[in-house]
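Shown next, in structure tokens, is the structure this report addresses.
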Amino acid sequence: MKNKIKILAYHNVLPDDGTSGIKDTVKLSTFKSHMETIKIGDWQVVPLIQIINALNNGLELPKKAVVITFDDGYKGVLSYAAPVLNKCKYPATIFLSTAYIGTEKIFPWLPRNPNVEYNQSYTALNWEELRVLQESHFTIGSHFHTHQFLPTLNSIEIEKEIKISKKIISDNLGCEINVFSFPYSFPFKHTLWPEFKEKIIDMLVLNGVVGSCTLERKNITCKTNPYFLPRIPLFKNDIKPLFAIKLETNPLHLNFAQNFHQKYLKYRGI
Ligand SMILES: [Zn+2]
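In terms of the working numbering, the sequence shown has 190 at position 189, counting the first letter as 1, and numbering is strictly consecutive.
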């Protein structure tokens, strides 16, 4: 039997009060239904580092496992996702864009959409709140410092992004950061990609990083490069049956279904 390993990429979780979130946010009831699906499906929820260590050391991968991750560092993760995860005793990793942590501001890359009211759940977590997450089942990782489109930066700028974010997290939370996630849906077809790929692996290794996540849709096998781990992004319309499909389906087949569903919702004005 092939290994079934899925790394889930969430951003933010919002309460079910009728607020219309942006595409990357998931309502609390939807998030709960995802965790129920994981439980019922007999998936083992494992920490990200377990998969990275197995890939780096040629160890056996779990047969059927899910990893839960969150990008950016939204307050909604502490307020809404963490209590659900704590109840299930599921571990998770949150990747922080360190320049914004503690600013209490709305993250600047969020789309300016007049139909979305950016409430407090969309603001960046502060260090005290992150210590609460750290004490529960959360591992802290870096989403680089200023959330830039990395392939357009030169080597010095990229190294700065890695070093500064590691130092800030270590100074504030007292932990060494060895896992990263790349900002933005990763540009594998971008013309700068081949050169960037070489550069970034060297820099991550030199700075003690053991693994990094992308948003590439691919299967995870024993041959997967731990510095380009594929993940499955979860969106606001991923209701329970769609989530179950995402968990069970080959990620390469998901793009078509996801795009079709998004177009259908747009057509219906949802
Ligand atoms: Zn991000």
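Positions of the beta carbon are idealized from the N, C-alpha and C atoms, including for glycine. In this text the structure is predicted, and so the values were computed from the model without any measurement.
Asked: Nearest to P184 by alpha carbon, out of G142, K40 and I39?; Found: G142
Asked: Quick one, what's near ligand 1 if you take every residue whose CB is closer than 5 Å to any heavy atom, in chain order?; Found: D72, D73 and P184
Asked: Roughly how many whole angstroms lie between the Cα atoms of L56 and N116?; Found: 43 Å
Asked: Residue ranges of each alpha helix (DSSP H) run of no fewer than 4 residues wholly in the stretch 155-243, ordered along the chain?; Found: 156-174 and 194-207
Asked: At what residue ranges does the stretch 121-145 contain a whole run of the alpha helix (DSSP H), taking only runs of 4 or more?; Found: 128-136
Asked: Does the structure place the stretch 126-133 close enough to the stretch 76-94 that three or more beta carbon pairs sit under 8 Å?; Found: yes
Asked: Which residue wins for smallest C-alpha separation from F197, given the options N179, R232 and E158?; Found: E158
Asked: Could you check how far apart the C-beta atoms of L230 and I8 are, in whole angstroms? I think they sit under 8 Å.; Found: 6 Å
Asked: Who are the near neighbours of E162 in its chain, counting only those whose CB is closer than 6 Å to its CB and skipping five residues on each side?; Found: F145 and H146
Asked: CA-CA distance, Q121 and P112?; Found: 16 Å
Asked: DSSP state of Q51, grouped into three classes?; Found: helix
Asked: Who pairs with Q45 in a beta bridge, going by DSSP?; Found: A66
Asked: Between Y101 and N13, how many whole angstroms is the CB-CB distance? I'm expecting something under 8 Å.; Found: Their Cβ separation, rounded to whole angstroms, is 13 Å, which puts Y101 and N13 out of contact at 8 Å.
Asked: Is it buried or exposed for F150, if we count other Cβ within 10 angstroms and need 16 for buried?; Found: exposed
Asked: For I39, which option in I201, E61, A66 and L62 has the closest C-alpha, if you only look at C-alpha atoms?; Found: A66
Asked: So, with DSSP's three-state summary, where would you put I23?; Found: coil
Asked: Across which residues does DSSP place V14 in a beta bridge pair?; Found: V27
Asked: Mind checking which residues open and close the alpha helix (DSSP H) that includes A83?; Found: A83 to C89
Asked: Helix, strand or coil for T250, going by three-state DSSP, please let me know.; Found: coil
Asked: Determine the direct distance from the alpha carbon of G59 to that of K200, and round the result to whole angstroms.; Found: 24 Å
Asked: My understanding is that Y91 touches I69, with C-beta atoms under 8 Å, so please give their C-beta distance in whole angstroms.; Found: 6 Å
Asked: Under a three-way DSSP split, which group does F71 fall into?; Found: strand
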